[in-house]
Amino acid sequence: MTKLMTEEDRPHAVVSIVGMGGIGKTTLARKVYNHVDVRRHFDCFAWVYISQQCKPREVLLRVLMKVLSPSKDEKELIENMDEIELGRTLFDALKEKRYLVVLDDIWRSEDWDILKPAFPRGRKGSKILFTTRIKNVASCADPWSTPVELSLLTDDESWNLLCRKAFPSSKMAIVMLGGLLATKQSLAQWEMVYKNIHGHLKGLPHQDQNGAVMNIILVSSYNDLPYPLKPCLLYLGHYPKDWEISKNELIRLWIAEGFIPENEEFLMEDLGEIFLEQLIDRSLVQV
């Protein structure tokens with residue numbers, strides 16, 4: 001995948017990762033995006049989450065902000081641009097650069113048709129990386145590029161991942177359950193987790209169980225949280241999926257909301273960082 005992203009055979013190519021929800025498309029894209037060889041290869045980077053309700057102006061605005069890193073005055077000017085102005089400005093900003101832009105979770109080829117004019121051919125080797133659930137979207141975006149298709153883990157692959165983290169055929173479920181089990185210190189506690197999850201599943205028809213696993217693990221992980229961490233996790237629901245959040249900004253918001261208690265031993269900012277690290281350790285927050 002990294003080799004595919006750093007090829008320079010074409011001035012501008014769309015690379016797509018295709019697969020069902022929760023299978024690991026965004027995780028793979030993030031690993032590629034952060035890979036050292038990829039970071040060396042490109043001049044500038046942007047990552048934008050699209051979703052079913054694509055808003056072209058918002059997408060162009062977010063890409064432009066990542067590419068330019070504007071000053072406060074420039075940012076105000078850019079935020080007042082309409083969709084056409086944003087597209088032209090982004091085109092000019094990218095046309096001399098080798099860029100990598102990730103459009104995460106794109107659902108319709110029509111959305112790409114609207115966004116495409118803002119992305120110039122640029123320097124040889126520029127790439128647009130899609131993640132999508134719909135193969136036709138990937139095929140329409142670039143007929144010369146073969147999509148990378150992800151499939152469910154095999155039993156052996158699931159077991160191997162279980163040994164590192166823990167559970168069925170969705171990578172996200174495996175990682176989340178691993179984070180929950182990592183807080184348990186005895187076999188008896190592991191058995192309690194198993195009984196809780198199994199108890200929720202056994203009343204469901206077999207065909208519905210795979211889809212329910214993620215929600216059951218998420219609820220179990222939430223219920224297992226110490227009380228002070230629960231509002232901190234729920235607060236993240238204000239943000240769109242895969243939104244990048246500054247750590248310091250998030251902790252300041254938690255403090256402003258009254259989620260971080262005063263403590264004689266720690267500054268509130270330090271305690272907020274401890275709370276965040278605990279959520280990360282439980283695989284409820286991705287960094």
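Sequential numbering from 1 applies to the sequence shown in full-length UniProt numbering. Note that CB positions come from ideal geometry on N, CA and C, so glycine has one too.
Task: Check whether ALA29 and THR146 have beta carbons under 7 angstroms apart - done: As a position in the sequence shown, residue 29 is number 29, starting the count at 1. As a position in the sequence shown, residue 146 is number 146, starting the count at 1. No.
Task: Separation of ALA118 from ASP111, as counted between CA atoms - done: Counted from its first residue, the sequence shown places residue 111 at position 111. Counted from its first residue, the sequence shown places residue 118 at position 118. Spanning the two alpha carbons is a distance of roughly 12 angstroms.
TODO: Sort GLU249, GLU269, GLU244 and TYR222 by Cα distance to LEU279 and report the nearest one.
DONE: What you label residue 279 is simply residue 279 of the sequence shown in a count that begins at 1. The residue among GLU249, GLU269, GLU244 and TYR222 with its C-alpha nearest the C-alpha of LEU279 is TYR222.
Open item on the list: With a threshold of 6 angstroms (Cβ to nearest heavy atom), would MET268 be considered close to the ligand GDP?
Closed with: For the structure depicted, the ligand GDP is absent and the ligand set is empty, with no information on it obtainable.
- [ ] For VAL102, write down the residues that DSSP places opposite it in a beta bridge.
- [x] Taking the sequence shown and counting its residues from 1, the one referred to as residue 102 is at position 102. Note: VAL102 sits in a beta bridge opposite TRP47 and LEU129.
Task: Selection from SER139, ILE260 and ILE251 that minimises the alpha carbon distance to TYR227 - done: As a first step, residue 227 is located in the sequence shown; it is residue number 227 there, counting from the start. Ranking SER139, ILE260 and ILE251 by Cα distance to TYR227 puts ILE260 first.
TODO: Ignore the nearest five residues each way along the sequence and tell me which others in LEU276's own chain have a CB closer than 6 angstroms to its CB.
DONE: Working through the sequence shown from its first residue, we reach residue 276 at position 276. So the list is empty, once near-sequence residues are dropped.
- [ ] Pull up the DSSP beta-bridge partners for GLU149, would you.
- [x] In the sequence shown, the residue the question calls residue 149 occupies position 149. Beta-bridge annotation (DSSP): GLU149 is paired with VAL18.
TODO: Measure from the alpha carbon of ASP104 to the alpha carbon of each residue in LEU267, LYS195, ARG40 and CYS54, then state which is nearest.
DONE: By one-based count along the sequence shown, residue 104 stands at place 104. When LEU267, LYS195, ARG40 and CYS54 are compared, the shortest CA-CA separation from ASP104 is found for CYS54.
Open item on the list: Using only the alpha-carbon positions, how far apart do TRP47 and ALA188 sit?
Closed with: Counting from one through the sequence shown, the residue named residue 47 turns up at place 47. Counting from one through the sequence shown, the residue named residue 188 turns up at place 188. Between TRP47 and ALA188, the alpha-carbon positions lie close to 43 angstroms from each other.
Open item on the list: Less than 7 angstroms between the beta carbons of LEU94 and PRO120, yes or no?
Closed with: As a position in the sequence shown, residue 94 is number 94, starting the count at 1. As a position in the sequence shown, residue 120 is number 120, starting the count at 1. Yes; because the gap between Cβ atoms is below 7 angstroms, this pair is in contact.
TODO: Quick one: grab the DSSP three-state call for ALA182.
DONE: For the purposes of this step, residue 182 is taken as residue 182 along the sequence shown, with counting starting at 1. It is coil, neither helix nor strand.
Open item on the list: Less than 8 angstroms between C-beta atoms, sequence neighbours within five positions excluded: which residues of the same chain meet that for LEU90?
Closed with: Residue 90 sits at position 90 when you count from the first residue of the sequence shown. Once the five neighbours on either side are set aside, the close Cβ partners of LEU90 are LEU60, VAL63, LEU64, VAL67, ALA118 and PHE119.
Task: Span of the alpha helix (DSSP H) around VAL67 - done: As a position in the sequence shown, residue 67 is number 67, starting the count at 1. That run of the alpha helix (DSSP H) goes 56 to 68.
TODO: List the residues that DSSP assigns as beta-bridge partners of ALA13.
DONE: Counting from 1 along the sequence shown, the entry for residue 13 is found at position 13. Per the DSSP secondary-structure output, ALA13 pairs in a beta bridge with LYS127.
Task: Where SER16 falls, given that 16 or more other Cβ within 10 Å makes a residue buried - done: On the sequence shown, position 16 is the one that residue 16 refers to. It counts as buried.
Open item on the list: Using a Cβ-Cβ cutoff of less than 6 angstroms, which residues in the same chain neighbour ARG271 once the five nearest sequence positions on both sides are dropped?
Closed with: Stepping through the sequence shown from its first residue, residue 271 is reached at position 271. At residue 271 the sequence reads Leu, which differs from the Arg that was named. Counting only Cβ-Cβ distances below 6 angstroms, and skipping sequence neighbours, we find ILE260 and ASN263.
Open item on the list: Please report the straight-line C-alpha distance between residue 315 and CYS232, rounded to a whole angstrom.
Closed with: The shown model of the chain, from 1 to 287, leaves out residue 315, and the question about it has no answer.
Task: Per-residue DSSP class, three states only, for TYR239 - done: The residue labelled residue 239 in the question sits at position 239 within the sequence shown. In the structure shown, TYR239 sits in coil (DSSP, three-state: anything other than H, G, I, E or B).
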